[in-house]
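A.B. asks:
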Amino acid sequence: MKLNYYSHSAFQITTNSGVKILIDPFLDGNPTSPVKAADVEADYIILTHAHGDHLGDGFSIADRCGSLFICVNELAEYCKSKGYKAHNMHIGGGYNFEFGRVKFTIAHHGSMTPDNTYAGEPAGVILSIDGKNIYHTGDTGLFYDMKLIGEMTPIDYMLLPIGDNFTMGITDAVKAAQLVSPKVVIPMHYNTFPVIEADPNVFKEKVEREGIKCEVMKYGEEIDL
Ligand code: NI
Ligand code: MN
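If you use this note's numbering, the sequence shown corresponds to residues 190 to 414, in order.
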């Protein structure tokens, strides 16, 4: 399985069998994205919530690729109202797709579409694919239930915001990583805009001091999981 980082909270997973899954594909309007929406492929698009920097270019990508959206019920209904295919899920629920299991978790944040439609609760998502568990927290503040999330599903890779202002910042993110105790933590949601400037190497230094390995992915970098 491969993981590509497109900056902000946008990641692409390519499974061992070649299924392509995009998470929060904010690309064309994202000043730090190394790719354009027209250059990516997606069989599935997972949305943690409906904010413009997460829904992003989902619709234009789905127009071209016929992607299936996977998200919480209210956002899935919004996608369907725009003519797209969606699999409705909700927080606490998991489902076994052809590529692996998807389970949604809580996230402390908001969710509204760019055209101001209510989109349900924001979420995090745990993907169990090719023998690995990947936890993309979505946009969230620190919450103690992360400890329970890590206990119920041993996490291999945790994708965690560090940019502050809209989400947790570095200090809280270090605590979040300690609560979940993943094998590797990957920082996200920073340096896209001036208001979320943060130094991922400061996060790396602090979290590794607590015994958790951190991989700072470059924009456009691909790693093998
Ligand atoms: Ni958001
Ligand atoms: Mn965001």
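Using N, Cα and C, we set each Cβ at its ideal position, and we do this for glycine too.
1. Where residue 267 and residue 398 are concerned, what is the direct C-alpha to C-alpha distance, given to the nearest angstrom?
2. Go through the residues and name those whose CB comes closer than 5 Å to any heavy atom of the ligand MN, in chain order.
3. For residue 277, which three-state DSSP category applies?
4. Does residue 312 come out as helix, strand or coil in the three-state DSSP assignment?
5. Starting from the N-terminal side, write out each stretch of the alpha helix (DSSP H) that is 4 residues or longer and does not extend beyond the segment 283 to 368.
6. Is residue 197 near the ligand NI, going by C-beta to nearest heavy atom under 6 Å?
7. Can you confirm whether the segment 302 to 310 touches the segment 322 to 340 when touching is taken to mean that 3 or more C-beta pairs between the two stretches lie within less than 8 Å?
8. First and last residue of the beta strand (DSSP E) that includes residue 257?
9. Just list the residues that DSSP pairs residue 193 with in beta bridges.
10. Just how far apart, CA to CA, sit residue 392 and residue 275?
11. Using CA atoms only, rank isn't needed, just tell me which of 320, 319, 297 is closest to residue 313.
12. Is residue 325 a contact residue of the ligand NI, with contact defined as CB to any heavy atom under 6 Å?
13. By how many angstroms is the C-alpha of residue 196 removed from the C-alpha of residue 349?
14. Could you compute how far the alpha carbon of residue 341 sits from the alpha carbon of residue 224?
15. Do you know how far the Cα of residue 311 is from the Cα of residue 494?
16. Between which two residues does the beta strand (DSSP E) containing residue 209 stretch?
17. First and last residue of the beta strand (DSSP E) that includes residue 223?
18. On the DSSP bridge assignment, give the partners of residue 377 in chain order.
19. For residue 271, name the three-state secondary structure that DSSP assigns.
20. Tell me, which residues are paired with residue 402 by DSSP?
21. Nearest-angstrom Cα distance between residue 401 and residue 361?
22. State yes or no: is the C-beta of residue 318 within less than 7 Å of the C-beta of residue 288?
C.D. replies: So, to answer that:
1. 43 Å
2. 242, 328
3. strand
4. strand
5. 335 to 341
6. False, no ligand heavy atom lies under 6 Å from that Cβ.
7. no
8. 257 to 261
9. The secondary-structure analysis by DSSP pairs residue 193 across a beta bridge with 201, 411.
10. 35 Å
11. 297
12. no
13. 12 Å
14. 35 Å
15. The question about residue 494 has no answer here: the residues shown for the chain are numbered 190 through 414.
16. 209 to 212
17. Element bounds for residue 223: n/a, residue is neither H nor E.
18. 350
19. Three-state DSSP puts residue 271 in coil, outside helix and strand.
20. 373
21. Rounded to the nearest angstrom, the two C-alpha atoms are 14 Å apart.
22. yes
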